[in-house]
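> The numbering used here puts the first residue of the sequence shown at 42, with every later residue one more than the last.
Once you've had a glance at the structure underneath, I'll fire off some questions.
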Amino acid sequence: MKNGTIPVVMQIIPSLGAGGAEQGCIDVAAELKNSGAEAIVVSNGGSRLHELQRIGAQHINMKVDSKNPFIMWRNIKKIRKLIQKHQVDIVHARSRAPAWSAWRACEGTNAHYVTTCHAPYKIQNSAKKFYNSAIAKGERVIAISNYVSEYLKKNFRLGDNIIRLIHRGVNVQRFHPSLVTAERLVKLTKEWRIPDGHNVVMLPGRLTRWKGHEDFIKALSLLKRKDMFGIIIGDDQGRTEYRNELHALIKELGMEGAIRIVNHCDDMPTAYMLATVVVSASTEPEGFGRIPIEAQAMGRPTVATAHGGAMETIIPNVTGWHVPPHDPQEMAKAIARALQLNEQERQALSERAIAHVHAHFTKDIMCDKTLDVYAELIRQK
42 MKNGTIPVVM
52 QIIPSLGAGG
62 AEQGCIDVAA
72 ELKNSGAEAI
82 VVSNGGSRLH
92 ELQRIGAQHI
102 NMKVDSKNPF
112 IMWRNIKKIR
122 KLIQKHQVDI
132 VHARSRAPAW
142 SAWRACEGTN
152 AHYVTTCHAP
162 YKIQNSAKKF
172 YNSAIAKGER
182 VIAISNYVSE
192 YLKKNFRLGD
202 NIIRLIHRGV
212 NVQRFHPSLV
222 TAERLVKLTK
232 EWRIPDGHNV
242 VMLPGRLTRW
252 KGHEDFIKAL
262 SLLKRKDMFG
272 IIIGDDQGRT
282 EYRNELHALI
292 KELGMEGAIR
302 IVNHCDDMPT
312 AYMLATVVVS
322 ASTEPEGFGR
332 IPIEAQAMGR
342 PTVATAHGGA
352 METIIPNVTG
362 WHVPPHDPQE
372 MAKAIARALQ
382 LNEQERQALS
392 ERAIAHVHAH
402 FTKDIMCDKT
412 LDVYAELIRQ
422 K
């Protein structure tokens, strides 16, 4: 501990762009500052650097996003120097490439080493398993769901003495129905050209195949409802070919004018408030999945594919519905059930969903549990 009193925590993440890992890093840095600790973030920069500046956290630029073995090796010395210069108590790596450098950098110093496993990384062969093992080398390894925890136990033989389960959390001071103004609703309705009186069925998620956009489009086509408008929210991140395929599928199914693909949205609380139903259609299991908890925090009926982290965040037939992956017909049935809710039923589901998120999946709960892990290790000194 610096000067014997002030803990210093250095988080290492490839970059600071959009994403759940990046959001968690920023949230924890803010909580560290609020608690009187020093927060340092090492990354290769990104669009969210200003958020760190706003909360008073220190950012150090380094190519920790690189998988080049020579750069990773050089990063060991650079990180070790930072540990010694800032008298760092905790080094927290949030991705595999920087985890290798951070693990070695901590050796021979007084810093404790923590990692977060954000996903069940694929293990096609022994080389891939070896590369993935970096995330399992922490003195404490944070798993963002029970699903990820079981992955760590099965593949890296970690025990409950090492793993700490900390679900991701949503900022309920931002994601709450009462905080969205009529002006914001009107602005986004006009921007997206949503037809008057239509039920909005929404799928947020960047345009990549495993997010299940094709299943979503097929499910909406099966419903054959004239009062329904589908919105897919997501940046293609250069995947213009996939975006074109989705437009072609919409045309093929005769859904032109009924489904619109829009780019990344900076006001997701308002987007959710426009939705009658929110869908998470991932074809592969996600380590956690932010969409279901954000949608529930906004009181929206939520449909998600039945695997991965979504199995832990939605209470079936209470706050939403699970459907089999790769099954547009079952997805269509679940969306239909959500659309059939009367006003009283929708209100009751909304209250249950909001209470569920507030009890289990808030940013404050996530940050408190993460700082508890840091404190646990610091006390060992």
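We treat Cβ as the ideally placed atom computed from N, Cα and C, and that holds for glycine.
Do residue 105 and residue 55 have their C-beta atoms within less than 8 Å of each other?
Position 64 of the sequence shown, counted from the start, is the residue given in the question as residue 105. Position 14 of the sequence shown, counted from the start, is the residue given in the question as residue 55. Yes, they are a contact pair.
> In chain order, what residues of the same chain have a beta carbon less than 8 Å from the beta carbon of residue 382, not counting five sequence neighbours either side?
Taking the first residue of the sequence shown as 1, we reach residue 382 at position 341. Same-chain partners within the cutoff: 342, 390.
> Pick out whichever of 154, 100, 235 has its Cα sitting closest to the Cα of residue 418.
In the sequence shown, the residue the question calls residue 418 occupies position 377. Looking at the Cα atoms, 154 is the closest of the given residues.
> Tell me which same chain residues have a C-beta within less than 6 Å of the C-beta of residue 42, skipping the five on either side of it?
As a working mapping, residue 42 is identified with position 1 in the sequence shown. With a pLDDT of 39 at residue 42, under the threshold of 50, the modelled position of that residue is not reliable, and no figure is offered here.
> Could you spell out where the beta strand (DSSP E) holding residue 83 opens and where it closes?
Residue 83 sits at position 42 when you count from the first residue of the sequence shown. Where residue 83 is concerned, the enclosing beta strand (DSSP E) stretches over 79-84.
> Please list the terminal residues of the continuous alpha helix (DSSP H) segment that includes residue 397.
Within the sequence shown, numbered from 1, the residue matching residue 397 stands at position 356. That run of the alpha helix (DSSP H) goes 384-401.
> Please classify residue 337: is it buried, with 16 or more other beta-carbons within 10 angstroms of its beta-carbon, or exposed?
Working through the sequence shown from its first residue, we reach residue 337 at position 296. With 16 or more Cβ atoms within 10 Å of its Cβ, residue 337 is classed as buried.
> Select from 349, 93, 378, 235 the residue whose C-alpha is nearest the C-alpha of residue 298.
Walking along the sequence shown from the start, residue 298 turns up at place 257. Among 349, 93, 378, 235, the Cα nearest to that of residue 298 belongs to 235.
> Taking only the alpha-carbon atoms, compute the straight-line gap between residue 315 and residue 229 and give it to the nearest angstrom.
Looking up residue 315 in the sequence shown gives position 274. Looking up residue 229 in the sequence shown gives position 188. Cα to Cα, residue 315 sits roughly 9 Å from residue 229.
> Going by beta carbon distance, what residues of the same chain come within less than 8 Å of residue 285, once the five residues before and after it are set aside?
One-based indexing of the sequence shown puts residue 285 at position 244. Hits under 8 Å: none found.
> Would you call the segment 60-76 in contact with the segment 398-414, where contact means no fewer than 3 C-beta pairs closer than 8 Å?
Enough Cβ pairs lie closer than 8 Å, so yes.
> Locate the beta strand (DSSP E) running through residue 321, then write down its first and last residues.
The residue labelled residue 321 in the question sits at position 280 within the sequence shown. Per DSSP, residue 321 belongs to the beta strand (DSSP E) from 318-321.
> Taking DSSP as the reference, what is the three-state secondary structure of residue 43?
Here the question's residue 43 lines up with position 2 in the sequence shown. Low local confidence applies: a pLDDT of 44 at residue 43 is under 50, so the model's placement there is unreliable, and no value is given.
> At 3 residues or longer, and completely inside the segment 149-202: list those beta strand (DSSP E) runs for me, N to C.
Runs of the beta strand (DSSP E) inside the segment 149-202: 153-158, 181-184.
> Which parts of the segment 263-335 are runs of the beta strand (DSSP E), unbroken and 3 residues or longer, counting only runs that do not cross its ends?
The qualifying runs are 269-274, 300-303, 318-321.
> Would you mind working out which of 380, 325, 141, 246 sits nearest residue 265, comparing C-alpha positions?
Translated into the one-based positions of the sequence shown, residue 265 becomes position 224. Among 380, 325, 141, 246, the Cα nearest to that of residue 265 is on 380.
> So, at 7 Å on beta carbons, what are the nonlocal neighbours of residue 44 in its own chain, with the 5 sequence-adjacent residues on each side left out?
Residue numbering aside, residue 44 sits at position 3 when the sequence shown is read from its first letter. Unreliable placement is indicated for residue 44, whose pLDDT of 42 sits below 50; the coordinate value is still reported in the next sentence. Here the set comprises nothing.
> So the candidates are 138, 92, 127, 96; which of them puts its Cα closest to the Cα of residue 114?
Looking up residue 114 in the sequence shown gives position 73. Out of 138, 92, 127, 96, 138 has the C-alpha closest to the C-alpha of residue 114.
> Quick check: does the Cβ of residue 238 come within less than 7 Å of any heavy atom belonging to the ligand MG?
As far as ligands go, the structure on display features none, and thus does not contain the ligand MG.
> Here's the rule I'm using: 16 or more other beta-carbon atoms within 10 Å means buried, otherwise exposed. How should residue 421 be labelled?
What you label residue 421 is simply residue 380 of the sequence shown in a count that begins at 1. When all chains shown are included, residue 421 counts as exposed.
> Could you check whether residue 269 and residue 322 sit closer than 8 Å to each other, using their CB atoms as the reference points?
Counting from one through the sequence shown, the residue named residue 322 turns up at place 281. Counting from one through the sequence shown, the residue named residue 269 turns up at place 228. It is not a contact, given that the beta carbons lie outside the stated cut-off.
> Taking all protein chains shown into account, do 16 or more other C-beta atoms lie within 10 angstroms of the C-beta of residue 141, making it buried, or fewer, making it exposed?
Numbered from 1 along the sequence shown, position 100 holds the residue referred to as residue 141. Answer is buried; the Cβ neighbour count reaches 16.
> Please state the DSSP three-state secondary structure of residue 247.
The sequence position of residue 247 within the sequence shown is 206, counting from 1. Residue state, collapsed to three classes: coil.
> Excluding the 5 residues flanking residue 205 on each side, which residues of the same chain have their C-beta closer than 6 Å to its C-beta?
Your numbering for residue 205 matches position 164 in the sequence shown. Cβ within range, chain order: 181, 183, 414.
> Below 6 Å CB to CB, which residues in the same chain sit around residue 340 once its five sequence neighbours on both sides are set aside?
Counting from 1 along the sequence shown, the entry for residue 340 is found at position 299. Contacts found: 218, 391, 394, 395.
> Taking C-alpha atoms, which residue in 239, 306, 351 lies nearest to residue 317?
Here residue 317 corresponds to residue number 276 of the sequence shown, with the count starting at 1. Of the listed residues, the one whose Cα sits closest to residue 317 is 239.
> According to DSSP, simplified to helix, strand and coil, what is residue 381?
The residue you call residue 381 lines up with position 340 of the sequence shown. Residue state, collapsed to three classes: coil.
> Out of 50, 386, 281, 331, state which residue places its alpha-carbon closest to the alpha-carbon of residue 212.
For this step, residue 212 is matched to residue 171 along the sequence shown. Out of 50, 386, 281, 331, 331 has the C-alpha closest to the C-alpha of residue 212.
> Are the segment 249-263 and the segment 271-281 touching, with three or more C-beta to C-beta distances below 8 Å?
The answer is yes - the segment 271-281 touches the segment 249-263, with three or more Cβ pairs under 8 Å.
> Return the chain-ordered list of same chain residues with a C-beta closer than 6 Å to the C-beta of residue 385, the five sequence neighbours on each side being excluded.
The sequence position of residue 385 within the sequence shown is 344, counting from 1. Closer than 6 Å at Cβ, skipping near neighbours: no residue.
> Compute the Euclidean distance between the alpha carbons of residue 50 and residue 125, then round it to the nearest angstrom.
As a working mapping, residue 50 is identified with position 9 in the sequence shown. As a working mapping, residue 125 is identified with position 84 in the sequence shown. Approximately 12 Å between the Cα atoms of the pair.
> Can you tell me the Cβ-Cβ gap for residue 81 and residue 127, rounded? I've got them flagged as a contact below 8 Å.
Along the sequence shown, read from residue 1 onward, the residue named residue 81 stands at position 40. Along the sequence shown, read from residue 1 onward, the residue named residue 127 stands at position 86. Confirmed, about 6 Å.
> Is the beta carbon of residue 95 closer than 8 Å to that of residue 117?
The residue labelled residue 117 in the question sits at position 76 within the sequence shown. The residue labelled residue 95 in the question sits at position 54 within the sequence shown. No, the pair does not count as a contact, with Cβ atoms beyond the cut-off.
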